[in-house]
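Working notes, structure below.
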Amino acid sequence: MPESGQRSGGRDDAAASKVLVERFFFPAAAGYGAIAVPLSVHSMYGGAWAAPGLSSPLGHAHELLFGYALAVVAGFLINRMPSRHLALLAMLWLGARISWLAAPGSILSFVTNAGFGLAVAAIAAPRFMKGAKKWRNRLTGPIVISICLAAIIFQAAGLPAPGWIQYLALQESVLLFALLMVFFGGRLIAPAAAGAIQAAGGLLEARVQPRVEGALLVLLILATVLAIVPQARPASGVLLMVAGLLTMVRLLRWRLWQCRARIDLLCLGIGYAWLAVGLTMIGADWSLDMAAGQKVATHAITVGALGTLTTTIMTRVRLLHARRYPGVAWPFPALTVLIFLAALFRLVGDGNPGAMTLAAVFWSLALLVLFGVLLYFSPLLKRSPGQSAQPG
45 MPESGQRSGG RDDAAASKVL VERFFFPAAA GYGAIAVPLS VHSMYGGAWA APGLSSPLGH
105 AHELLFGYAL AVVAGFLINR MPSRHLALLA MLWLGARISW LAAPGSILSF VTNAGFGLAV
165 AAIAAPRFMK GAKKWRNRLT GPIVISICLA AIIFQAAGLP APGWIQYLAL QESVLLFALL
225 MVFFGGRLIA PAAAGAIQAA GGLLEARVQP RVEGALLVLL ILATVLAIVP QARPASGVLL
285 MVAGLLTMVR LLRWRLWQCR ARIDLLCLGI GYAWLAVGLT MIGADWSLDM AAGQKVATHA
345 ITVGALGTLT TTIMTRVRLL HARRYPGVAW PFPALTVLIF LAALFRLVGD GNPGAMTLAA
405 VFWSLALLVL FGVLLYFSPL LKRSPGQSAQ PG
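Take a look at the structure:
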């Protein structure tokens with residue numbers, strides 16, 4: 045056999061030995077998210093068997109962002125890796141979750157959580173920074189690195205316990221996750237909407253909208269940097285309000301109401317709308333003091349946008365890998381309605397134990413439905429095309 049054939053065969057063998065990272069991290073994130081949020085509400089209200097790591101708003105936010113959301117980022121952005129490396133990354137994530145729940149602020153919690161952040165940044169970021177040509181595409185790497193750095197800073201600040209640094213790290217993380225959702229939400233929705241509208245006999249001219257996307261990225265980067273300095277927060281708020289308005293304009297230009305046959309696109313659009321609302325609310329609170337408060341406004345992003353977009357994307361990716369997309373559509377509206385109810389009760393019921401409990405219940409139900417969908421369409425089950433969970 046020629047040498048080139050041997051090399052090609054070696055590359056094929058290497059590719060075959062790699063596994064999809066989402067196979068572990070998507071169901072792990074869904075399962076953990078379904079448990080952690082109601083457990084944190086239970087713990088914060090002084091329930092029996094409270095988890096130390098979830099007994100405060102700081103701990104609640106930490107696990108939502110760095111436990112749940114960062115696991116989704118790992119599953120979505122890393123794509124494939126050798127099974128041995130995936131096992132090590134999974135054990136690091138599991139160790140980080142257990143150590144934070146049992147002993148937040150401990151050396152073990154610092155090592156495992158910081159280690160997971162470093163690993164995700166080191167694995168996910170370089171391929172975006174090397175392979176992309178346009179500056180907008182290269183930003184994915186620095187955004188992921190910044191999110192992971194915020195996770196590490198949060199852990200480091202917990203050792204000597206200066207709480208303001210931890211709050212700052214969480215605040216910056218919310219804006220960085222919003223930046224990531226603005227970018228990837230647009231890259232997912234735009235081409236899919238164009239294809240759906242074209243299939244219906246129409247034409248979508250405003251697709252990625254590079255100028256709008258570039259303006260959004262610049263606005264959000266500047267707002268994130270300015271938000272570090274308390275005196276500059278009003279200016280950051282103005283930028284966030286403008287970004288929220290531009291996000292909504294971009295969404296409307298996709299004309300998703302013409303994609304009624306693609307319920308998944310409508311659900312992604314609802315998540316993107318939550319993002320626009322959340323950015324505007326936080327901006328109004330910081331600059332005009334007109335919103336209900338930063339804590340309430342933040343949940344439009346962390347529950348409404350993050351919840352809707354992550355559950356929809358995880359379902360979409362798993363169905364694509366199972367070759368059931370877009371035929372299986374029922375999970376998308378179910379997940380979106382449950383997340384919408386969770387966000388609604390969280391926004392209007394701040395400080396009300398009943399409303400907080402309902403928000404946690406709806407969130408948990410959404411993640412449990414997602415967990416079931418991810419397991420049902422797991423490649424390990426190897427279902428035939430005729431075996432579908434699609435009603436009717």
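With this note's numbering, letter number 60 in the sequence shown gets 104, and the count goes up by one each step, no holes. Every residue gets a Cβ at the ideal spot worked out from N, C-alpha and C, and that includes glycine.
{"Item": "Short Cβ contact (8 Å threshold) for alanine 276 with leucine 270", "Value": "yes"}
{"Item": "Nearest-angstrom beta carbon gap, leucine 382 and valine 413 [assumed within contact, 8 Å]", "Value": "7 Å"}
{"Item": "As assigned by DSSP and simplified to three states, the class of proline 126", "Value": "strand"}
{"Item": "Glutamine 434 - DSSP class collapsed to helix/strand/coil", "Value": "Caution applies to glutamine 434, whose pLDDT of 40 falls short of 50 and renders its modelled position unreliable; the value that the coordinates give is listed next. Looking at glutamine 434 - three-state DSSP - the assignment turns out to be coil, as it is neither helix nor strand."}
{"Item": "Close-in-space but distant-in-sequence residues of the same chain around serine 48 (CB under 7 Å, 5 per side omitted)", "Value": "Because serine 48 carries a pLDDT of 43, less than 50, the predicted location of this residue cannot be relied on, and no value is offered for it."}
{"Item": "Proximal residues to alanine 169 (C-beta, below 7 Å), its chain only, five neighbours per side dropped", "Value": "Gly185, Val188, Ile189"}
{"Item": "Option in Leu363, Pro82, Val63 with minimal Cα separation from proline 397", "Value": "Pro82"}
{"Item": "Under the three-state DSSP convention, the category lysine 174 falls into", "Value": "helix"}
{"Item": "Helix, strand or coil at leucine 64 according to DSSP, with G and I counted as helix", "Value": "strand"}
{"Item": "The stretch 341-351 in contact with the stretch 218-233 per 3-pair CB rule at 8 Å", "Value": "yes"}
{"Item": "Expected contact under 8 Å - CB spacing of phenylalanine 120 and arginine 362 to nearest Å", "Value": "Phenylalanine 120 to arginine 362, Cβ: 11 Å. No contact."}
{"Item": "Pick from His343, Ala213, Val282, Leu319 that is closest to aspartate 333, judged by C-alpha positions", "Value": "Val282"}
{"Item": "Sequence-distant residues of its chain with Cβ nearer than 7 Å to arginine 55 (five each side left out)", "Value": "Legend: pLDDT at arginine 55 = 47, less than 50; position of this residue unreliable, value from coordinates given subsequently. Counting only Cβ-Cβ distances below 7 Å, and skipping sequence neighbours, we find nothing."}
{"Item": "Limits of the alpha helix (DSSP H) - the one that aspartate 308 falls within", "Value": "307-331"}
{"Item": "Where glutamine 253 sits in the DSSP three-state scheme", "Value": "coil"}
{"Item": "Proximity of alanine 386 and phenylalanine 415 at Cβ, strictly below 8 Å", "Value": "no"}
{"Item": "Integer-rounded CB distance, given that phenylalanine 68 should sit under 8 Å from alanine 134", "Value": "5 Å"}
{"Item": "8 Å CB neighbourhood of lysine 339 in its chain, flanking five on each side removed", "Value": "Pro101, Asp394"}
{"Item": "Host alpha helix (DSSP H) of phenylalanine 406 (start-end)", "Value": "397-420"}
{"Item": "Where glycine 161 falls, given that 16 or more other Cβ within 10 Å makes a residue buried", "Value": "buried"}
{"Item": "Whole-angstrom C-beta distance between arginine 124 and leucine 64, which should lie under 8 Å", "Value": "6 Å"}
{"Item": "Exposure label - alanine 166; buried when at least 16 CB within 10 Å", "Value": "exposed"}
{"Item": "Among Leu319, Ala320, Gly246, the one whose alpha carbon lies nearest that of arginine 299", "Value": "Gly246"}
{"Item": "Backbone CA spacing between valine 286 and histidine 86 [nearest angstrom]", "Value": "37 Å"}
{"Item": "Cβ-based burial, glycine 128 [other Cβ within 10 Å; buried from 16]", "Value": "For clarity, residue 128 is arginine in the given sequence; the question names glycine instead. Label assigned to arginine 128: exposed."}
{"Item": "Leucine 248 in three-state terms, based on DSSP", "Value": "coil"}
{"Item": "Closer than 7 Å: serine 331 CB and nearest the ligand FMN heavy atom", "Value": "Ligands in the displayed structure: none, and consequently the ligand FMN is not present."}
{"Item": "Valine 218: first and last residue of the uninterrupted alpha helix (DSSP H) it sits in", "Value": "207-243"}
{"Item": "Glycine 159 versus Met173, Ala140, Ala146, Trp144, residue with shortest Cα-Cα distance", "Value": "Ala140"}
{"Item": "Cβ-based burial, valine 321 [other Cβ within 10 Å; buried from 16]", "Value": "buried"}
{"Item": "Isoleucine 122 to leucine 411 span [Cα, whole Å]", "Value": "22 Å"}
{"Item": "CB-CB length for glycine 111 against tyrosine 76, believed under 8 Å", "Value": "6 Å"}
{"Item": "8 Å Cβ cutoff met for threonine 356 and leucine 391", "Value": "no"}
{"Item": "For leucine 382, the three-state DSSP class (helix, strand or coil)", "Value": "helix"}
{"Item": "Exposure label - valine 117; buried when at least 16 CB within 10 Å", "Value": "buried"}
{"Item": "Beta-carbon proximity list for leucine 261, same chain, < 8 Å, skipping 5 on both sides", "Value": "Arg180, Leu183, Leu223, Val226, Phe227"}
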